[in-house]
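Each residue of the sequence shown is one higher than the last, beginning at 1 in this note's numbering.
Ideal placement from N, C-alpha and C gives every residue a C-beta, glycine not left out.
A short worksheet on the structure shown next.
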Amino acid sequence: MVTELILPTKRCAIYTRKSTNKRLDHDVNSLVTQREVSSAYIRSQQYKGWVELPNRYDDGGHSGSGLERPGLTRLMRDIEAGDIDVVVVYKIDRLTRSLADFIRLIEIFDRRDIALVSISQAFDTSNSMGRMILNVLLTFSQFERELIAERVRDSVRTRKRHGKIHGGLPPFGYVAAPDGLRIDDREAEIVRFIFEEFRRTKRYTQVMTAVRERGLCSSVKYSPRGKSRGGTPISPSTVYGIVQNPIYVGEIRGHDQNYAGEHEPLISREIWEEAQSICQARKRRKPDCRDTSHFLAGLLWDDLGRHMRLDLKWKRNKFYKTYVSSNAMWSQKLFIRQYRSSADELDAIVLASVAEFLCDRIKLRKALKRLGLSGEELEALAEKGSATSDRLLSTPKSHLHELFKAIFYRIELGEDQVSIAFRTLELRRYLEWTSEMSFRGRPADWPCSSGRYEHVVAVRAISAERWPSLHIKPRQALCVGTPDKKLIDLIRSARKAQRLVEENRELGLEALAKIQGCRTAQFARLVRLNYLAPDIVTAVFDGTQPPGLSRKVLLNSNVPTDWAVQRKLYGFPQPERTISPRNLFGRGMWPSAPDRIAKQ
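Have a look at this one:
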């Protein structure tokens, strides 16, 4: 009797890459060729259990110098999900041309037990000789890429020294001609108008307003392939670029200096120098956001999806540092207010929350499990949490921005909470970090890992100077029910217990409970009732609490500190948002949508 040997299935993913966009729109191109050759090789290995996956991981028009490629990102995410066993490429330089990036990828492949196969370059990564050959191949690939880059840079510098534009679309105000740049009369008038307005108003915004009021648009131009460009209203970035581009005074901007160009200038030297002096005067002066030690800038968003920037202002001889929501166009249309939070206070809250998270073994283990860690390796990392927390608190503020940028993916500020999203890959590296240098992470690895862990901190960090922080409404006669005397007495007993704690700090818990006339456990429960949400307390005094809320339920429950959780636990509805849309229009009320339509 012959027993058939059944081999385990090996799921094979084909990765293809092409550096340029040339011929990508054709039915047969380099990506198709790479895939067909790789697919044929996988079919030849069917006796080993190899099976081609239907998912496509193609990167057309992406260089091999970095790892930020959409196809490669999808490939690495599927590898982390455990959906791939073998990665097949036509040549090893299709995967990457950087030796450092290749080493990072190999580390990930080894950790996930992924085999890498190159069709045209036979090698086996399971032994030391194969790894050496692979590194040699990558070294030559990187050397070739650097040589190509040097030749291109030298060519660009040479053309600029001779006053010629090197490739790309012609700048605004010019059109491409066989002998160089030729002036576009219609756009040239717009360029001269922008410079004159900038000299007169000395402000970019006023120049943009003047351009918009005149309805100025760019000319329609065609690429060598016949695709049209332009014919649209001039954008603010175009205005800003025109004012600072030396092309209009007859020069070409180089790496460290400007070169005299062969094209005809659009403005005089006097106008150009005057405009540049205005630009220099308008550059940011201290105090500047980049000169501060606030480390959340660039990482902070509100819970509506608006980016929060750092705002610095002098007001009444005092320096105010505030994180403010961006005034996005969609929020302006809906009249949604901006969030404001004290920068010093929010920085302190986030730093303390992260330090507390690192000390919390349960939360830290949950985050590290997102990387697939378990057993001794997981426990060894969890043991380092407390020491890492101490190191974080002792880190100079000037180094915290780079540290937070590496470890955190996003920090969102809500009305009643702060959500902190960790990059678990960098969290693990920070726990293992032993160097005296500041931690910066590896940005090249971020596209290869989608591991996230969200840590939510229940805290009200939005400034309460402009809007109320508490949900307390005046009593309405129609809404008053029958107050429960036992519940009211319980709230009053809780306040009495709190006063005893404040006025008798020399006494212990048992002595305080004896003065209160109750057991020690009951006294502790009474003190905890002082942390009830204000709207719950007012509902008890008004008699509008849910029917199921009794003295026994409230006294015997473990009162959570999160007010939103309290309302869910005791059956109270969630109140409306404190930071509501604007309701003022001038000095009167903002009219409703039907009223505004009727007035129009």
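By alpha-carbon positions, which one of ARG112, GLY61, GLY49, PRO54 ends up nearest to ALA81?
If you compare the alpha carbons of ARG112, GLY61, GLY49, PRO54 with that of ALA81, the shortest gap goes to ARG112.
On the CB-based measure, 16 or more other CB atoms within 10 Å of its CB, does VAL393 come out buried or exposed?
The sequence shown places Leu at residue 393, not Val. Exposed.
Does the distance from the CB of ARG429 to the CB of GLU402 come in under 8 Å?
No Cβ-Cβ contact shorter than 8 Å links ARG429 with GLU402.
Secondary structure of ARG77, DSSP reduced to three states
Reduced to three states, the DSSP call for ARG77 is helix.
Alpha-carbon to alpha-carbon, SER493 and LEU478:
Annotation note: pLDDT 49 at LEU478 (below 50); position unreliable, coordinate value reported separately. Distance between the alpha carbons of LEU478 and SER493: 28 Å.
Could you tell me the alpha carbon to alpha carbon distance between SER326 and VAL457, rounded to whole angstroms?
Whole-angstrom Cα-Cα distance: 23 Å.
Here's the rule: buried if 16 or more other CB atoms are within 10 angstroms of the residue's CB, otherwise exposed. What is ARG94?
Looking at its Cβ environment, which holds 16 or more other Cβ atoms inside 10 Å, ARG94 is buried.
Please give the ranges of any beta strand (DSSP E) in the segment 147-231, keeping only runs that are unbroken, at least 3 residues long and fully inside the region.
With a minimum length of 3 residues, the continuous beta strand (DSSP E) runs that stay inside the segment 147-231 are 174-177, 180-183.
Who does GLU52 pair with in a DSSP beta bridge?
Per the DSSP secondary-structure output, GLU52 pairs in a beta bridge with CYS12.
Consult DSSP for GLY60 and reduce its assignment to one of helix, strand or coil.
If DSSP states are grouped into helix, strand and coil, GLY60 belongs with the strands.
Can you name the start and end residues of the beta strand (DSSP E) that ARG452 belongs to?
It spans 452-458 - the beta strand (DSSP E) in which ARG452 sits, taken as one unbroken run.
Given this structure, state the Cα-to-Cα distance separating GLY588 from VAL191, to the nearest angstrom.
Because the pLDDT at GLY588 is just 37, under 50, the model does not fix this residue reliably, and the value given afterwards should be weighed accordingly. One C-alpha to the other measures close to 44 Å.
How is ASN504 classed by DSSP in three states: helix, strand or coil?
Judged by DSSP in its simplified three-state form, ASN504 adopts coil rather than helix or strand.
Which residue comes first and which comes last in the alpha helix (DSSP H) that contains LYS283?
No alpha helix (DSSP H) holds LYS283; DSSP gives it neither H nor E.
How is TYR409 classed by DSSP in three states: helix, strand or coil?
Looking at TYR409 - three-state DSSP - the assignment turns out to be strand.
Rounded to whole angstroms, how far is the Cβ of GLU251 from the Cβ of TYR259, which I believe are closer than 8 Å?
Indeed, because the Cβ distance is near 7 Å, the residues count as touching under 8 Å.
What does DSSP give as the partner residue(s) for MET437 in the beta ladder?
Paired residue(s): none; MET437 is not in a bridge.
For GLU389, collect the residues of the same chain with a Cβ closer than 7 Å to its Cβ; drop the 5 residues on either side in sequence, then sort them by chain order.
Note that residue 389 is Ser in the sequence shown, not Glu. Result list for SER389: ALA355, LEU358, CYS359, in chain order.
Output yes or no for whether 8 Å exceeds the beta carbon distance between THR232 and CYS217.
Between THR232 and CYS217, the CB-CB gap stays under 8 Å.
Comparing C-alpha positions only, which one of ILE267, PRO246, THR205 sits nearest to SER237?
SER237 has its Cα closest to that of THR205, out of ILE267, PRO246, THR205.
Have a look at GLY602 and PRO546 and give me their C-alpha separation to the nearest angstrom.
Residue 602 lies beyond the residue range present for the chain, which begins at 1 and ends at 600; the question has no answer from this structure.
Can you give me the C-alpha to C-alpha distance between ILE242 and HIS263, rounded to a whole angstrom?
The straight-line gap separating the alpha-carbon atoms of ILE242 and HIS263 is approximately 16 Å.
Within 8 Å, do at least three Cβ pairs link the segment 303-323 to the segment 341-352?
Three or more Cβ pairs drawn from the segment 341-352 and the segment 303-323 lie within less than 8 Å of each other, which places the two stretches in contact.
Which residue marks the beginning of the beta strand (DSSP E) containing TRP446, and which one marks its end?
Per DSSP, TRP446 is not a residue of any beta strand (DSSP E), being assigned neither H nor E.
So the candidates are LYS405, PHE422, VAL86; which of them puts its Cα closest to the Cα of LEU625?
Past the edges of the chain, shown from 1 to 600, lies residue 625, and the structure says nothing about it.
Reference PHE143; option with closest CA among LEU99, ASP184, ASP445
The residue with the shortest Cα to Cα distance from PHE143 is LEU99.
Assigned secondary structure, LEU478 (DSSP; H/G/I helix, E/B strand, else coil):
Any reading at LEU478 must be qualified, since the residue scores a pLDDT of 49, below 50, and its modelled position is unreliable; the value itself is stated next. In the three-state DSSP reduction, LEU478 falls in the helix class (H, G or I).
According to DSSP, which residues form a beta bridge with VAL88?
When beta bridges are read from the DSSP output, VAL88 appears opposite ILE14, VAL117.
For a quick check, are the C-beta atoms of VAL350 and ILE411 less than 8 Å apart?
Yes, the pair counts as a contact, with Cβ atoms nearer than the cut-off.
Beta-carbon gap between GLU454 and SER419 smaller than 8 Å:
Their beta carbons are under 8 Å apart, which means GLU454 touches SER419 by this criterion.
Same chain only: Cβ atoms within 8 Å of HIS166, ignoring 5 sequence neighbours per side
So the list reads SER155, VAL156, ARG159, LYS160, once near-sequence residues are dropped.
Could you tell me whether the Cβ atoms of VAL88 and SER30 are closer together than 8 Å?
In this structure, VAL88 keeps its C-beta atom at 8 Å or more from the C-beta atom of SER30.
Apply the 10 Å Cβ neighbour rule to MET437 and answer buried if 16 or more other Cβ atoms are within range, or exposed otherwise.
Exposed, since its Cβ has fewer than 16 Cβ neighbours within 10 Å.
Looking at C-alpha atoms only, which residue of ILE491, THR322, PRO443, SER550 is the closest neighbour of ALA653?
Past the edges of the chain, shown from 1 to 600, lies residue 653, and the structure says nothing about it.
DSSP-derived helix/strand/coil call for PHE143
The answer is helix: DSSP assigns PHE143 an H, G or I state.
Using the Cα positions of PRO77 and ILE42, report the straight-line distance between them to the nearest angstrom.
The sequence given here has Arg at residue 77, not Pro. Cα-Cα distance, rounded: 22 Å.
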